[in-house]
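If you read the protein sequences in the order shown, they are chains A and B. All residue numbers for the first sequence refer to my numbering, where the first residue is 1 and numbers rise by one. All residue numbers for the second sequence refer to my numbering, where the first residue is 1001 and numbers rise by one.
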Amino acid sequence: AQSVTQLGSHVSVSEGALVLLRCNYSSSVPPYLFWYVQYPNQGLQLLLKYTSAATLVKGINGFEAEFKKSETSFHLTKPSAHMSDAAEYFCAVQNSGGSNYKLTFGKGTLLTVNP
Amino acid sequence: SQTIHQWPATLVQPVGSPLSLECTVEGTSNPNLYWYRQAAGRGLQLLFYSVGIGQISSEVPQNLSASRPQDRQFILSSKKLLLSDSGFYLCAWSGIGQGNTIYFGEGSWLTVV
Chain A
1 AQSVTQLGSH VSVSEGALVL LRCNYSSSVP PYLFWYVQYP NQGLQLLLKY
51 TSAATLVKGI NGFEAEFKKS ETSFHLTKPS AHMSDAAEYF CAVQNSGGSN
101 YKLTFGKGTL LTVNP
Chain B
1001 SQTIHQWPAT LVQPVGSPLS LECTVEGTSN PNLYWYRQAA GRGLQLLFYS
1051 VGIGQISSEV PQNLSASRPQ DRQFILSSKK LLLSDSGFYL CAWSGIGQGN
1101 TIYFGEGSWL TVV
């Protein structure tokens, strides 16, 4: 079975500061990993995904994430936070094997950006 | 380009009343379709997924059902709503194949009163 743990349900940073959102996964087979962002009362939008190519993945809005197999982690970072980054972020895992393509999500991390 | 539409956006229903949420996808054929529910502090829970017309898999036992009457139409239903059915419901689709991105609709807020 696959699972995702997002450390910290709420992260607060100052505008211009580094953003680090943590995600650890559990999977019995090589995983595909995703980060989604959700703005209030909206659906989820894909930020980036890892599908066994380069371990450092660049996404939209200046975000990137690094797949570290030894640490079973896929942390999301952005060098300088903007006010518009305030949202909830979800990490998700999909097994690379099997006959369906379900995503298992973490519980989310709410990012607050202070001026 | 592909788009996904979900409606209604907001719904307030009394306990015991029926429910129907609809979702359609445009610009693609034979998508995988999903219904997720989001409750505060609990992330997203997969309720149903479908790999083809009439093929529905349920992830958790519950008061809800899903149907796929057409290739790009996915419906979430209930005969009698419970208070615990309140939440934010998200329809989503993906292409066939591993590593494909799942794309989400804008969601439907359901409040059962």
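Glycine residues also receive a C-beta, built at the ideal position from the N, C-alpha and C atoms.
Could you compute how far the alpha carbon of residue i sits from the alpha carbon of residue j?
{"i": "B/Q1013", "j": "A/L7", "result": "35 angstroms"}
{"i": "A/L56", "j": "A/S28", "result": "22 angstroms"}
{"i": "B/I1075", "j": "B/Q1062", "result": "15 angstroms"}
{"i": "A/S26", "j": "A/T72", "result": "7 angstroms"}
{"i": "A/F105", "j": "B/G1043", "result": "7 angstroms"}
{"i": "A/V113", "j": "A/L20", "result": "12 angstroms"}
{"i": "B/P1031", "j": "B/I1056", "result": "13 angstroms"}
{"i": "B/A1009", "j": "A/K78", "result": "32 angstroms"}
{"i": "A/K58", "j": "A/T5", "result": "21 angstroms"}
{"i": "B/S1001", "j": "B/E1022", "result": "20 angstroms"}
{"i": "A/V37", "j": "B/S1017", "result": "33 angstroms"}
{"i": "B/S1077", "j": "A/C23", "result": "33 angstroms"}
{"i": "A/L47", "j": "A/H82", "result": "15 angstroms"}
{"i": "B/L1082", "j": "B/A1092", "result": "24 angstroms"}
Tell me, to the nearest whole angstrom, how far the beta carbon of residue i is from that of residue j; I am working on the premise that it is less than 8 angstroms.
{"i": "A/F34", "j": "A/A87", "result": "Contact doesn't hold; Cβ gap of about 15 angstroms is too wide."}
{"i": "B/L1064", "j": "B/G1087", "result": "Not confirmed; about 11 angstroms, so no contact."}
{"i": "B/T1101", "j": "A/K49", "result": "6 angstroms"}
{"i": "B/E1026", "j": "B/R1072", "result": "7 angstroms"}
{"i": "B/F1104", "j": "A/L44", "result": "4 angstroms"}
Can residue i be considered in contact with the ligand HEM, in the sense that its beta carbon sits closer than 7 angstroms to one or more heavy atoms?
{"i": "B/S1094", "result": "This structure lacks the ligand HEM; in fact it carries no ligand of any kind."}
DSSP three-state call for residue i: helix, strand or coil?
{"i": "A/I60", "result": "helix"}
{"i": "B/S1084", "result": "helix"}
{"i": "A/S26", "result": "strand"}
{"i": "A/S84", "result": "helix"}
{"i": "A/Y39", "result": "coil"}
{"i": "B/R1037", "result": "strand"}
{"i": "B/E1106", "result": "coil"}
{"i": "A/E71", "result": "coil"}
Kindly identify the DSSP beta-bridge partner or partners of residue i.
{"i": "A/S12", "result": "A/T112"}
{"i": "B/Q1073", "result": "B/T1024, B/Q1070"}
{"i": "A/P31", "result": "A/N95"}
{"i": "B/G1052", "result": "B/Q1055"}
{"i": "A/S3", "result": "A/S26"}
{"i": "B/Q1032", "result": "For the sequence presented, residue 1032 of chain B should be read as Asn rather than Gln. B/S1094."}
* Give the residues from the segment 1045-1062 of chain B that approach chain A closer than 9 angstroms (Cβ to any Cβ), ordered along the chain. => Correct list: Q1045, L1046, Y1049, V1051, S1057, E1059.
* **Cβ-based contacts, 7 angstroms cut-off: residues of the segment 49-76 of chain A near chain B** => The residues in question are K49, T51.
* Asked: At a Cβ cut of 9 angstroms, what residues of the segment 1100-1111 of chain B count as close to chain A, listed as they run along the chain?
  -> Against chain A - using a Cβ distance shorter than 9 angstroms - the residues of the segment 1100-1111 of chain B are N1100, T1101, I1102, Y1103, F1104, G1105, E1106, G1107, W1109.
* Taking any Cβ of chain B, which residues in the segment 36-48 of chain A have a Cβ under 7 angstroms from it, in chain order? -> Contacts with chain B (Cβ-Cβ distance below 7 angstroms) from the segment 36-48 of chain A involve Q42, G43, L44, L46, listed in chain order.
* **Interface positions of the segment 1080-1097 of chain B facing chain A (Cβ-Cβ less than 7 angstroms), listed along the chain** => Listed by position, the residues of the segment 1080-1097 of chain B near chain A (Cβ gap below 7 angstroms) are L1090, S1094.
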